[in-house]
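A.B. asks: One structure follows; several queries about it will come next.
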Amino acid sequence: MKIAVTRLAGKEKSDAARCAASGHECYSVHPLRSVIRDDEILAFLDAVEREEFDCIFFTSALPAKIIAPRMGRFGRVIAIGPQTAKELRQNDIDCEVLTSFYSRDFVPYLGEWIRGKRIGIPRADVPNPGLMDAIAAAGGVPTEFRCYSLEPTGEELDLADAGAILFTSALSFKKAVWTPRPGLLVMAIGEITADTMRTGGTNPAVLGDGSLEGALGALNRYIAARGEQER
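Remember, the working numbering sits 20 above the position in the sequence shown when you count from 1.
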């Protein structure tokens, strides 16, 4: 199946190879673009240099890609998933990787260790009060640096050749300009995106675990189940 995947322009990376490994083709569509905030990045790097944090949490690959070449080694770094970890490790930054793809699992992952610890979080300018409140409630001290903003491109998504569209974030769905059509399979990368889609009146037929591989696996199970039903 040919899948349109919502991505920031230029951030497709290994999508094609990963889709091919699951037996599908894909191409990127761009409901959002990133606008880098150099002042926030510098403020974060200065805070790291002054040893203001006990732990750094990278919640997505983009800030890791921007910051890692300039940061150097650090004591405890947590990456939200393997793609984020890859960006860090390519720049010789050792990191741990969350066992899920959701920032809500950050505090349970650290457990009691988080109490009294200062957590630096370079991330997008998208509110995540759940993460900040959870860290504070566990006795941690969170400081976020909104290193880039996500702005709508306003472009109509090109879905003419797509058999499916995969929304990779709640915001990409909210800001997408697109036209549903019969036969177009709508997919959500994970639970949070799916909840936003349902609130917006679109019920995804395929739900992943928060990762591209998880969504592709769910797609293959959906296709197999549909084939069984049609026999």
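By construction, the Cβ of each residue, glycine as well, lies at the ideal position given by its N, Cα and C atoms.
Taking only three categories from DSSP, how would you classify TYR122?
C.D. replies: In the sequence shown, counting from the first residue as 1, residue 122 sits at position 102. Of the three classes helix, strand and coil, the one that applies to TYR122 here is coil, per DSSP.
A.B. asks: For VAL49 versus ALA81, is the C-beta spacing smaller than 8 Å?
C.D. replies: Indexing the sequence shown from 1 puts residue 49 at position 29. Indexing the sequence shown from 1 puts residue 81 at position 61. No. Outside cutoff.
A.B. asks: Is GLU259 helix, strand or coil when you go by DSSP?
C.D. replies: Because the chain in this structure spans residues 21 to 251, residue 259 falls outside the shown range and cannot be described.
A.B. asks: Go through its chain and collect everything with a Cβ distance to ILE155's Cβ below 8 Å, but skip five positions before and after it.
C.D. replies: Along the sequence shown, read from residue 1 onward, the residue named residue 155 stands at position 135. Closer than 8 Å at Cβ, skipping near neighbours: PHE126, VAL127, ILE134, ILE139, VAL161, PRO162.
A.B. asks: Is the beta carbon of PHE193 sitting closer than 8 Å to the one on THR173?
C.D. replies: For the purposes of this step, residue 193 is identified with residue 173 of the sequence shown, where counting begins at 1. For the purposes of this step, residue 173 is identified with residue 153 of the sequence shown, where counting begins at 1. Contact flag unset, no.
A.B. asks: So ALA214 is in the alpha helix (DSSP H); what residue range does that whole segment cover?
C.D. replies: Your numbering for residue 214 matches position 194 in the sequence shown. Boundaries of the alpha helix (DSSP H) harbouring ALA214: 211-219, taken from the DSSP string.
A.B. asks: Shortest alpha-carbon distance to VAL146 belongs to which of LEU170, ALA157, GLY159?
C.D. replies: Locating residue 146 in the sequence shown gives position 126, counting from the first residue. Nearest option by C-alpha distance: LEU170.
A.B. asks: Please report the residue range of the beta strand (DSSP E) in which GLY140 lies.
C.D. replies: Translated into positions along the sequence shown, residue 140 becomes position 120. Counting along the chain, the beta strand (DSSP E) containing GLY140 begins and ends at 138-144.
A.B. asks: Using 8 Å as the Cβ pair cut-off and three pairs as the minimum, do the segment 187-203 and the segment 108-121 touch?
C.D. replies: As far as the Cβ criterion goes, the segment 187-203 does not touch the segment 108-121, which means the pair count is below three.
A.B. asks: Determine contact between the segment 218-233 and the segment 53-72, defined as no fewer than three beta-carbon pairs at a distance below 8 Å.
C.D. replies: no
A.B. asks: Tell me whether the beta-carbon of ALA99 lies closer than 8 Å to the beta-carbon of VAL117.
C.D. replies: The sequence position of residue 99 within the sequence shown is 79, counting from 1. The sequence position of residue 117 within the sequence shown is 97, counting from 1. Yes, the Cβ-Cβ distance between ALA99 and VAL117 is below 8 Å.
A.B. asks: With distances taken from CA atoms, which of THR222, ALA196, ASN223, THR188 is nearest LEU236?
C.D. replies: Taking the first residue of the sequence shown as 1, we reach residue 236 at position 216. Checked all of THR222, ALA196, ASN223, THR188; the closest Cα to LEU236 is THR188.
A.B. asks: Roughly how far, in whole angstroms, is the beta-carbon of LEU151 from the beta-carbon of SER123, given that I think they are within contact range, below 8 Å?
C.D. replies: Counted from its first residue, the sequence shown places residue 151 at position 131. Counted from its first residue, the sequence shown places residue 123 at position 103. Their Cβ separation, rounded to whole angstroms, is 5 Å, which keeps LEU151 and SER123 in contact under 8 Å.
A.B. asks: Please classify SER54 as buried or exposed, where buried requires at least 16 other C-beta atoms within 10 Å of its C-beta.
C.D. replies: Taking the first residue of the sequence shown as position 1, residue 54 is located at position 34. So SER54 counts as buried.
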